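Asks: Numbered by the working numbering, the letters in the sequence shown go through residues 17 to 211 in order. Below are the structure tokens for one structure; questions will follow.
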Amino acid sequence: MSLDLSNYDDTYTEELECQRSRLSRYLWHITQLTIRSFPVIPGKLYPKILKLFRTKVGKNVIIRPNVNILYPFNLEVGDNSRIEAECFLGCCAPVKIGRNVSIAPRTMIMNCTHRPFDPKFTAMADPTTIEDGVWVGCHCTILGGVTIHQGAVVAAGSVVNKDVPPFTLVAGVPAKPIKRFDPRKKEIIDLHVAV
Ligand SMILES: CC(C)(COP(=O)(O)OP(=O)(O)OC[C@H]1O[C@@H](n2cnc3c(N)ncnc32)[C@H](O)[C@@H]1OP(=O)(O)O)[C@@H](O)C(=O)NCCC(=O)NCCS
17 MSLDLSNYDD TYTEELECQR SRLSRYLWHI TQLTIRSFPV IPGKLYPKIL
67 KLFRTKVGKN VIIRPNVNIL YPFNLEVGDN SRIEAECFLG CCAPVKIGRN
117 VSIAPRTMIM NCTHRPFDPK FTAMADPTTI EDGVWVGCHC TILGGVTIHQ
167 GAVVAAGSVV NKDVPPFTLV AGVPAKPIKR FDPRKKEIID LHVAV
């Protein structure tokens, strides 16, 4: 049987919806629409507003005003991290971004999904973690249940559907290890086979 969306309830999971009242969600949507309509708002102001909606934000964080965030109370961003223009953070389950993380423009964190071929299209969500010192290139997609470990790099346009080991450069769809940095020896090891 294929999808039947005639009675689809797009409120993600009941558990998620219970965490915040309908009123606070409407308030967030209105606030976010206002922020996104003023792209001149400094990147340091958005984190301050997010704190009012229970986002855990560290010091010196920059989030560009046109970053779209679903469920801000599920987001945590550590000191000195930067989320650049037009990223989409669909925080249906917790999204934990560590310290000194750089997320380049148009990257999407999407940790909600559905079981393939489930006619009810039931929504499920798993946490996403990006550890300290990670650089995520532009136009990447990072899925739920994934941890990008400390010091890793995600090349532009990659889809990350599995954990990324520390100090590893991954690239492609799905993202695969290309290089590894040994922080002790300070040397880069090439892992990829050129095609
Ligand atoms: C990953 C990156 C930094 C290059 O790193 P590098 O160490 O110089 O990598 P190399 O150029 O030596 O490439 C190594 C291999 O990875 C491949 N590769 C590099 N970037 C890739 C990408 N984005 N997607 C797929 N493969 C990629 C290369 O083609 C090469 O494989 P090949 O020899 O088979 O062709 C760069 O490609 C990139 O993605 N930069 C991000 C740009 C960006 O988002 N900027 C926003 C500013 S914050």
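We put the beta carbon where it would ideally sit given N, CA and C, even for glycine. It should be emphasised that the depicted structure is a prediction, and the values quoted were computed from it without experimental measurement.
Tell whether a beta-carbon distance below 9 Å holds between I194 and A168.
Replies: If you number the sequence shown from 1, residue 194 lands on position 178. If you number the sequence shown from 1, residue 168 lands on position 152. No. Outside cutoff.
Asks: Beta carbon of H130: closer than 8 Å to some heavy atom of ligand 1?
Replies: Position 114 of the sequence shown, counted from the start, is the residue given in the question as residue 130. No, the beta carbon of H130 sits no closer than 8 Å to any heavy atom of ligand 1.
Asks: Exposed or buried, which one is R131 when buried takes at least 16 other CB atoms within 10 Å?
Replies: Here residue 131 is taken as the residue at index 115 of the sequence shown, counted from 1. Exposed, since its Cβ has fewer than 16 Cβ neighbours within 10 Å.
Asks: Work out the CA separation of I164 and T129 for me, nearest whole Å.
Replies: As a first step, residue 129 must be located in the sequence shown, where it is residue number 113. As a first step, residue 164 must be located in the sequence shown, where it is residue number 148. The straight-line gap from Cα to Cα measures roughly 19 Å.
Asks: On the DSSP letters alone, give me the boundaries of the beta strand (DSSP E) that P193 sits inside.
Replies: Taking the first residue of the sequence shown as 1, we reach residue 193 at position 177. Per DSSP, P193 belongs to the beta strand (DSSP E) from 192–198.
Asks: Excluding the 5 residues flanking T123 on each side, which residues of the same chain have their C-beta closer than 6 Å to its C-beta?
Replies: Here residue 123 corresponds to residue number 107 of the sequence shown, with the count starting at 1. The answer, listed in chain order, is C103, V152, C156.
Asks: Please name the residue, chosen from G74, S37, P58, R80, that lies closest to D148 on a Cα-to-Cα basis.
Replies: Taking the first residue of the sequence shown as position 1, residue 148 is located at position 132. When only C-alpha atoms are compared, the closest one is G74.
Asks: Identify, in the order they occur along the chain, each residue of the same chain with its Cβ nearer than 7 Å to the Cβ of V65, setting aside the five sequence neighbours on each side.
Replies: Position 49 of the sequence shown holds residue 65. According to the sequence provided, residue 65 is Ile. The question's Val does not apply to it. T47, I51, listed in sequence order.
Asks: Can you give me the start and stop residues for the beta strand (DSSP E) that K201 sits inside?
Replies: Counting from one through the sequence shown, the residue named residue 201 turns up at place 185. Counting along the chain, K201 falls outside any beta strand (DSSP E), and DSSP gives it neither H nor E.
Asks: Less than 8 Å between the CB of P121 and some heavy atom of ligand 1, yes or no?
Replies: For this step, residue 121 is matched to residue 105 along the sequence shown. Yes - ligand 1 has a heavy atom lying nearer than 8 Å to the Cβ of P121.
Asks: On the DSSP bridge assignment, give the partners of I79 in chain order.
Replies: Here the question's residue 79 lines up with position 63 in the sequence shown. I79 pairs with I99.
Asks: With respect to the alpha helix (DSSP H) encompassing K64, which residues constitute its N-terminal and C-terminal limits?
Replies: Within the sequence shown, numbered from 1, the residue matching residue 64 stands at position 48. Where K64 is concerned, the enclosing alpha helix (DSSP H) stretches over 61–68.
Asks: At a cut-off of 8 Å, would you count A171 as near ligand 1, judging by its Cβ distance to the nearest heavy atom?
Replies: On the sequence shown, residue 171 is found 155 positions in, with the first residue counted as 1. Yes - ligand 1 has a heavy atom lying nearer than 8 Å to the Cβ of A171.
Asks: Is the closest heavy atom of ligand 1 to the C-beta of G59 under 8 Å?
Replies: One-based indexing of the sequence shown puts residue 59 at position 43. It does not: the Cβ of G59 is nowhere closer than 8 Å to a heavy atom of ligand 1.
Asks: Rounded to a whole number of angstroms, what is the C-alpha to C-alpha distance between P121 and W44?
Replies: On the sequence shown, position 105 is the one that residue 121 refers to. On the sequence shown, position 28 is the one that residue 44 refers to. Approximately 22 Å between the Cα atoms of the pair.
Asks: Could you please give the first and the last residue of the uninterrupted alpha helix (DSSP H) stretch that includes I130?
Replies: Here residue 130 refers to the residue found at position 114 when the sequence shown is read from its first residue. According to the sequence provided, residue 130 is His. The question's Ile does not apply to it. It is not in any alpha helix (DSSP H) - H130 instead sits in the beta strand (DSSP E) that spans 128–130.
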